Structure formats: structure tokens, C-alpha cells
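Report on the structure given below.
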Amino acid sequence: MSAATQKQPAGALASWRARFEQHLKAEKRASAYTVRNYGATLARFDGFLTAHLGAEPELGHLARLETKDFRGFLATRRAEGLQPQSIKLELSALKTFYVFLRKRAGIENDAIGVMRGPKVKERLPRPVGEADAAALIATAQTTKTSAHKQSWEQTRDAALFTLLYGAGLRIAEVLSLRWGAAPLGDTLRIKGKGGKTRLVPVLAAGREAVAAYVAACPYGAHSDDPLFFSARGNALSPRHAQRTMATLRGVLSLPASATPHALRHAFATHLLSAGGDLRAIQELLGHTSLAATQRYTKVDTRQLLNAYDKAHPRS
1 MSAATQKQPA GALASWRARF EQHLKAEKRA SAYTVRNYGA TLARFDGFLT
51 AHLGAEPELG HLARLETKDF RGFLATRRAE GLQPQSIKLE LSALKTFYVF
101 LRKRAGIEND AIGVMRGPKV KERLPRPVGE ADAAALIATA QTTKTSAHKQ
151 SWEQTRDAAL FTLLYGAGLR IAEVLSLRWG AAPLGDTLRI KGKGGKTRLV
201 PVLAAGREAV AAYVAACPYG AHSDDPLFFS ARGNALSPRH AQRTMATLRG
251 VLSLPASATP HALRHAFATH LLSAGGDLRA IQELLGHTSL AATQRYTKVD
301 TRQLLNAYDK AHPRS
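Quick note: this note's numbering has the sequence shown finishing at residue 315, numbered continuously throughout.
Set out below in C-alpha cells:
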């Protein structure tokens with residue numbers, strides 16, 4: 001780390017990390033997942049610098065860091081078993097933090113700007129098939145995935161998975177719905193990543209599934225209550241959806257790639273296969289960039305090639 005030539009504002013990195021997290025929540029409207037992950041990355045970076053400096057880093061130290069310092073941190077994370085995609089995300093968190101520091105504390109650091117993450121092989125979405133998606137929803141309605149599960153909870157899970165697949169929602173978007181949204185109309189107003197709002201059509205199957213759940217649910221009295229409740233009357237967590245899906249995978253002998261998010265992938269891929277317009281699908285998914293939606297064209301092409309290979313095996 002090179003010597004400083006200018007006086008920098010004082011302040012422990014930890015205190016600025018807290019301000020940064022508040023900035024992400026209040027001003028950037030970042031998801032709780034993003035805030036948590038960015039905060040965790042900065043906490044690890046704080047620990048890394050503390051070990052090298054022998055004391056907790058002050059804000060001024062951040063202006064003096066060089067590329068070798070950032071590379072050292074990322075190399076440490078790689079040695080801990082972090083995959084290239086995750087390393088790239090950690091670097092993104094650091095860069096976002098430095099943008100915040102430049103605007104709020106006048107901290108300039110050219111080294112972070114020239115840092116490049118590792119090359120990552122593009123991971124195509126792995127959607128579930130149409131028949132498997134239908135089977136997952138039907139099995140959620142009829143199968144006790146835990147010993148004490150009540151029938152209304154099974155109806156809830158079926159409604160949850162129906163919205164993931166039938167409306168292409170993210171799990172966080174479904175679980176952010178309020179009780180006052182029911183009964184569902186023909187469209188839902190969804191607040192997605194970055195606070196971006198979009199209108200999503202709701203199929204009859206989705207409206208009926210939610211209506212059945214609302215009628216059976218023993219909770220929910222106020223419009224601002226969560227739409228999806230846990231057995232104890234709290235807001236349902238994403239972890240519940242993941243655990244339930246894992247159990248259903250076992251019942252149906254589906255691969256580990258059959259996750260709640262894979263139902264959203266299935267929504268996009270099946271729409272595209274049916275001739276859906278790419279721009280329209282982008283709007284439905286809430287993607288800011290068309291490039292994010294274009295990944296599904298590669299999935300569709302891959303599925304067509306697989307079908308061709310099966311129909312015309314090469315000798």
C-alpha cells in the first residue's frame with residue numbers, strides 16, 4: 001500500500017459500511033439479499049485489511065490501496081473456495097462501495113476502476129419442463145412435505161408455485177405481495193429489483209389458486225398483512241419455498257436444478273418457445289437489459305437441438 005500524499009477524511013471502514021448499506025436500502029432500493037451480500041463482502045474486506053494493517057482500517061486507507069491489495073483480497077477469497085462468478089460479484093460490491101465513497105467522502109482510487117473480474121462461463125438458465133412444472137404444482141397441493149403440515153399450507157404452496165410459474169415472478173416478489181392484493185385481478189403491479197414497477201398479467205389458474213389459498217388461510221385480517229403466511233402466522237420466507245421444492249423434487253425424481261427460480265426460467269422459456277416476443281418477455285420479467293432476456297433464446301435453441309438429436313440420432 002503506497003503512502004498518502006493528501007489528507008483524507010477520518011472514519012472507520014465499519015461505520016462507512018453501515019452508511020453504505022443504508023444508502024442501498026433507502027436510495028437505491030436494493031433488495032434485502034443485495035444489501036446483505038454487499039455488507040458481508042465489505043465486512044470480509046474490512047477483516048482482510050485489518051489483518052494486513054494490524055489495525056482496523058480508517059477511511060483514508062481506502063484511497064491508498066493499489067491493485068495488488070484488491071487482487072490479494074480476491075485471491076484470498078478464491079483460496080477459500082469461492083467460484084469465479086461469486087468473486088466477480090464481490091468485486092462488483094467493492095466497486096459500488098467506492099462509487100459511494102467518491103460521492104459522499106471525496107475518496108478517489110484509480111486502482112479499483114481498472115480491476116477486472118475473472119472470466120465466467122455463461123450459465124444458461126435451467127428451466128423445468130412444462131409437464132414437470134404442472135406436476136410440481138399439483139404435487140404441492142396433495143403432498144405433505146412435513147409431518148405437521150396442514151391442508152391450508154399445501155394450498156398455499158400450490159398458489160405460491162403457480163405464481164412463480166404462471167406469472168414469471170421472482171420469489172422475493174411473490175413474498176412481498178400484501179393481503180390486500182387478493183382477490184387477484186387480471187394484472188398485478190409488481191415492484192422488482194431497484195424499485196422498478198411493472199404490470200404482470202395473471203392467468204385464471206393463478207387467480208383461482210390464490211383465491212383457494214385465501215379462503216383456507218387462518219391468518220390475514222389487514223390489507224398490509226403479507227399475502228403468504230407461515231404456519232405460525234409470520235411472513236413466509238424464501239427458505240420455506242426452497243425446502244418445499246427440495247422435498248417435491250425427491251417425490252417427483254427431478255434434478256437439483258428444479259428450484260423455485262427455475263419456475264420463473266420455465267415461464268420465460270415456454271413463452272419464447274410458443275412464439276412470444278423477446279421485448280414483451282423482457283417487460284414481463286422486469287429485466288433492465290435485453291441481454292438478460294436473450295439468454296433464454298440460447299436455452300430454446302439448445303432444447304430444439306436436443307429434440308432434433310433424439311428424433312434423428314446420428315450413427
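Backbone N, C-alpha and C define an ideal beta-carbon position, used for all residues, glycine too.
Because the structure is a prediction, the values reported are computed rather than measured.
For Phe100, the secondary structure class from DSSP, reduced to helix, strand or coil, is helix.
Fully contained in the segment 222 to 286 is no beta strand (DSSP E) run of length 3 or more. Less than 8 Å separates the beta-carbon of Gly206 from that of Leu163. Along the segment 147 to 228, the alpha helix (DSSP H) occurs as fully enclosed runs of 4 or more residues at 151 to 167, 171 to 175, 204 to 216, listed in sequence order. When the alpha-carbon of Leu62 is set against those of Gly117, Arg264, Ala140, Gly106, the nearest one is in Gly106. Secondary structure note for Ser31: it is in no alpha helix (DSSP H), with a DSSP letter that is neither H nor E. Linking Phe228 to Leu59 through their CA atoms gives a straight-line distance of about 43 Å. One thing to note: Arg178 has its Cβ no nearer than 8 Å to the Cβ of Ser237. Distances from the alpha-carbon of Lys191 to those of Leu199, Gly185, Leu184 put Leu199 closest. A Cβ-Cβ separation of about 7 Å places Asp46 in contact with Pro57 under the 8 Å criterion. In the same chain as Gly39, and ignoring 5 residues on each side of it, the C-beta atoms closer than 7 Å to its own belong to Arg17, Glu21, in chain order. The segment 207 to 217 makes contact with the segment 170 to 184; the number of CB pairs closer than 8 Å reaches 3 or more. Residue environment for Ser176: buried (at least 16 other C-beta atoms within 10 angstroms of its C-beta). Taking C-beta separations shorter than 6 Å and ignoring five residues to either side along the sequence, Val99 has no partners in its chain. Gln294 is classed as exposed because its beta carbon has fewer than 16 other beta carbons within 10 Å across all chains shown. DSSP places Ala12 in the strand class (E or B) of the three-state scheme. The alpha-carbon of Ala274 is positioned some 13 Å away from that of Ala280. Around the beta carbon of His148, fewer than 16 other beta carbons sit within 10 angstroms, so the residue counts as exposed.
Pro260 sits buried, since 16 or more C-beta atoms from the chains shown fall within 10 Å of its C-beta.
With 16 or more other Cβ atoms inside 10 Å of its own Cβ, Arg249 counts as buried. CA-CA distance, Arg36 to Ile171, rounds to 17 Å. Per DSSP, Val114 is one residue of the alpha helix (DSSP H) stretching across 110 to 114. In the DSSP secondary-structure assignment, Glu58 is bridged to Ala12. With respect to Gly276, Lys28 sits apart: the two C-beta atoms are not nearer than 8 Å. When rounded, the separation of the alpha-carbon atoms in Ala221 and Thr155 is 18 Å.
In the same chain as Phe73, and ignoring 5 residues on each side of it, the C-beta atoms closer than 7 Å to its own belong to Phe45, Phe48, in chain order.
If you draw a straight line from the Cα of Lys95 to the Cα of Arg104, it is about 14 Å long. Taking all protein chains shown into account, Asp132 has 16 or more neighbouring C-beta atoms within 10 Å of its C-beta and is therefore buried. Taking C-beta separations shorter than 7 Å and ignoring five residues to either side along the sequence, the partners of Thr247 in its chain run Thr145, following chain order. If you draw a straight line from the Cα of Gln85 to the Cα of Pro118, it is about 8 Å long. Val114 sits exposed, since fewer than 16 C-beta atoms from the chains shown fall within 10 Å of its C-beta. For Leu169 against Arg264, the beta-carbon gap comes to about 7 Å, under 8 Å, which counts as contact.
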